[in-house]
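What follows is a set of notes on a single structure, which appears directly below.
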Amino acid sequence: MLRSFSPSSVSAAALVAFCIVINCASYSQNSAGPEPVPLPPPVPLPLDRPYEGTISLSVDLTNLTDRILNVHETIPVKSGQITLLYPQWLPGTHSPSNPVANMAGLLAVANGKRVPWLRDRVDMWAFHIDVPKGATTLELTFQYLAPVRPQQGRISNKIADLKWNAVLFYPAGYFSRRIQFAPELRLPEGWKFATALEVKSQNGNVIQFKDTTLNTLIDSPLYTGVNYKRVDLSTGPDNPVFLDVFTDKPEQLEITPEELQYHKNLVVQAQKLFNSRHYDHYDFLFSLSDSVAGQGLEHHQSSEDGTRANYFTDWAAGIPGRALLPHEYTHSWNGKFRRPADLWTANFNEPMQNDLLWVYEGLTDYYGNVLTARSGMRTPEQSRDAIAQIAAAFEASPGRTWRSLLDTTNQPIVSEHGAAPQIWPSWERSYDYYPESDLIWLEADTKIRQMSNGQKSLDDFAKLFFGINNGSYVTVTYTLEDLVKAMNSVQPYDWAGFFRARVYEVAPEVPENGIRQGGYRLIYNDVEPEWAKHADPSRPTSFGTSLGFTVAGQGGPNAGTPGAITDVWWDSPAFKAGITPDMQLQGVNDQAFSISNLRQAIVAAENGNAPIKLLLKRDDQFLTITLDYHGGLRHPHLERVGSAPDLLDAVIAPVN
Ligand SMILES: [Zn+2]
């Protein structure tokens, strides 16, 4: 890979060139070099013992113009070797994703003097320090350099998302739940904030939080901003739930009574589904912004959520992403409270193993979509369309013929090591353990309903598996065997074989039994769902189920230049004709390209014999490619099958 040189790397680059000419390796062996630096000690493994003393952490957020977070940390120490860890593996991302490359300016002081630190040669997140005699504290200062462009990060001039994992070091050798922190935060003047942390005191823009464990601190991020509104969604004093909304502009905080009711319904329906809670109070930290990036990241007692600025002001536009809050809220039960045993780690630098993400994420996606429907956030028809879109995307993606769903659970880690984005995602497969698991869990749910004559469902599994230890947020781990056992106690069946065939083995067939058992079948026609017409115009439009490519319409920050081909489906008509995901579509049937005239050309070809003629540009070359395609637009829908019981509509109906 070619990287541009910065001033500090010019000399290094020159040295590399020099070495190639004179072969430095043999040269240095023959010369008397400096004394070798001793190898750093091994990184101590985490043990279940308390770290003595409380670490004071002070984070200064006042320089948000430059997106620079200044950190001062006071760590109680004894003299001798200590290894400090910058968190590496982050829960919820399921990968070694904490950006250690953005940490800079690290300075350690003991006994009033600067002491050197040495980064581990193998573990880039570990820093060794030899604490001098007599020192009882180590003072650390450093900066976290957040991306300057808000679209690449989570900080703008109006909103900031503070992830504590980016602004702290902690000692190696201890379980993270046994390390105590006293956090303090300095905010820009007048900025408001929300977090699941408990406030100890506030003096103007300086907030001190109650002492907490490292686990709870990292699990309790903070949103701060200029425009803020807290909305009460509680079902009662025993179940306090809040929506903490931060926006670019004050008018984007306005919520209609109908929208408010949908969000209250969500909390009511989640209670009916899980019959428990695993938080003292729950806060949806919710940014509505066209400047900071969107996100969804789960925590025990809160979630970091972010979507477009028009969430409340143009409700119809948000149907595709409507499951965001239901999904993240479900994680409080599935993922945070109950967690696969090999996804539980003793600290934030032990590697995670992702093989049960088809439950952690996949079942959360299923319940999230179910709660989206039951709360009224999507209509039943919109909910069926969402399922149809998932199934249709898999029908157009042949990656399942070589890669099991299980192997896709490694994708968060694979992506950290590879070049993103993917080039041919329909063949490579990516985070398929989310949407494909929706289809598999729908099959399991409708199977239970069929076998029990409607007496049992996956709702019973939710209460059995996630409804234990009401009020506790101490994680209870589980294995595949535990899961199968619980499924069998709801409804006896060969669940081990069921999951083996669909998840653990290569399964070329798209798992559509749940749709059929639900009383529906997948069809394609030229009718675009009404909600799809409100989609974000700056995003590319998919023709994946017809011609086999995705193309940017009007262009924009998320789509590149107009006409840019952003994806080509493997084995699709476009793929077979030689269209590649670096081309730009300029003309359709001798007319200038637009999304609407491309749609018209597809419909015209469906009703006639003439092929579709495309003018494409690749680098400085123009190509004319004709597609002899007559299959129509192929928008996916679910169609009711006459006599079968309507189990799908029973799944998505609100529980009384
Ligand atoms: Zn999730």
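For any residue, its number in the working numbering is found by taking its place in the sequence shown, counting from 1, and adding 323. Note that beta-carbon positions come from the ideal geometry of N, C-alpha and C, so glycine has one too.
Check: Of all residues in the structure, which have a C-beta closer than 6 angstroms to any heavy atom of ligand 1, taken in chain order?
Finding: E621, H650, H654, E684, T687
request  = Jot down the residue ranges of each uninterrupted alpha helix (DSSP H) in the stretch 525–600, minimum 4 residues, whole runs only, in chain order.
outcome  = 537–541, 580–597
Stretch pair the stretch 846–866 + the stretch 918–932: three plus CB contacts closer than 8 angstroms = yes
Which partner residues of F465 appear in the DSSP bridge assignment? V394
Excluding the five sequence neighbours on either side, which residues of its own chain have a C-beta within less than 8 angstroms of the C-beta of G685, listed in chain order?
-> Y756, Y757, E759, S760, D761, I763, W764
What are the boundary residues of the beta strand (DSSP E) that includes G629? 625–630
By Cβ distance below 6 angstroms, which residues in the same chain neighbour I846 in space, the five residues on each side in sequence not counted? H960, E962
Point to revise | Reduced DSSP secondary structure (H/G/I, E/B, other) of W818 | key: helix
Worksheet item: Among residues of its own chain, excluding the 5 on either side of Y952, which ones have a beta-carbon nearer than 8 angstroms to its beta-carbon?
Response: S869, L870, P896, I925, A928, P934, I935
Taking the runs of the alpha helix (DSSP H) that are 4 residues or longer, which of them lie wholly in the stretch 374–446? none
Along the alpha helix (DSSP H) that carries I713, what are the first and last residues, could you check? 703–718
- Message: Just to confirm my understanding: we take N346, look at its own chain, exclude 5 residues before and 5 after, and list those with CB closer than 6 angstroms. What are they?
- Response: Bear in mind that a pLDDT of 43 at N346, under 50, signals an unreliable position, so the number given afterwards is only what the model happens to contain. Closer than 6 angstroms at Cβ, skipping near neighbours: no residue.
- prompt: With distances taken between CB atoms, is the gap from T590 to V564 smaller than 8 angstroms?
  reply: The sequence shown places Val at residue 590, not Thr. Taking 8 angstroms as the Cβ cut-off, V590 and V564 qualify as a contacting pair.
So, for Y350: in the same chain, excluding its five sequence neighbours on each side, which residues have a beta-carbon less than 7 angstroms away from its beta-carbon? The predicted model places Y350 with a pLDDT of 41, which falls under 50 and marks its position as unreliable; any figure quoted below should be read in that light. Excluding residues within five positions, none has a Cβ falling inside 7 angstroms.
**Asked** N793: buried (16+ other C-beta within 10 angstroms of its C-beta) or exposed?
**Response** exposed
Q. Since G685 is in the alpha helix (DSSP H), which residue starts that stretch and which ends it?
A. 685–697
- Query: What do you get for Q404, buried or exposed, if any count of 16 or more other CB atoms within 10 angstroms of its CB means buried?
  - Reply: exposed
message: With three or more beta-carbon pairs closer than 8 angstroms as the criterion, would you say the stretch 745–753 touches the stretch 720–735?
response: yes
Below 8 angstroms between beta carbons: does that hold for V473 and V615? Residue identity differs from the one stated: residue 473 is Pro in this sequence, not Val. Yes, these two residues count as a Cβ contact at 8 angstroms.
I need the straight-line Cα distance from R809 to R772, nearest angstrom please.
Note on residue identity: the sequence assigns Ala, not Arg, to residue 809. Each residue's alpha carbon lies about 16 angstroms from the other.
_Suppose the cutoff is 8 angstroms on Cβ atoms and the five residues either side in sequence are ignored; what does the same chain contact list for N353 look like?_
The predicted position of N353 is uncertain, since its pLDDT is 49 and thus under 50; a value taken from the coordinates is nonetheless stated next. Taken in chain order, the list of residues that qualify is empty.
message: Give me the residue from T884, S861, Y843, I391 with the minimum Cα distance to D972.
response: Y843
- Query: CA-CA distance, A858 and G641?
  - Reply: 7 angstroms
Provide the residue span of the beta strand (DSSP E) that contains S775, from first to last.
No beta strand (DSSP E) holds S775; DSSP gives it neither H nor E.
Query - DSSP bridge partner residues for Q618 (one or two, in chain order) - result: G629
### Query
What is the C-beta distance between T630 and L647, in whole angstroms, given that I count them as a contact (C-beta under 8 angstroms)?
6 angstroms
With a threshold of 6 angstroms on Cβ separation, who are the neighbours of L441 within its own chain once the five nearest residues in sequence on each side are excluded? P363, H451
ask   = Is it buried or exposed for M675, if we count other Cβ within 10 angstroms and need 16 for buried?
value = buried
- Query: If you compare alpha carbons, which of S655, G548, A716 is closest to E985?
  - Reply: Because residue 985 is not part of the residues shown, which for the chain are 324 to 979, the question remains open.
- Item | Contiguous alpha helix (DSSP H) assignments of at least 4 residues, all confined to the stretch 632–662 | 647–653
Could you give the residue range of the beta strand (DSSP E) that holds I888? 888–891
(Q) Do D383 and R501 count as a contact pair if the criterion is CB distance below 8 angstroms? (A) no
task: Determine, using beta carbons only, whether F717 comes closer than 8 angstroms to chain B.
output: Any reference to chain B falls outside this structure, which holds one protein chain only.
Q) Between P663 and V693, is the Cβ-Cβ spacing less than 8 angstroms? A) no
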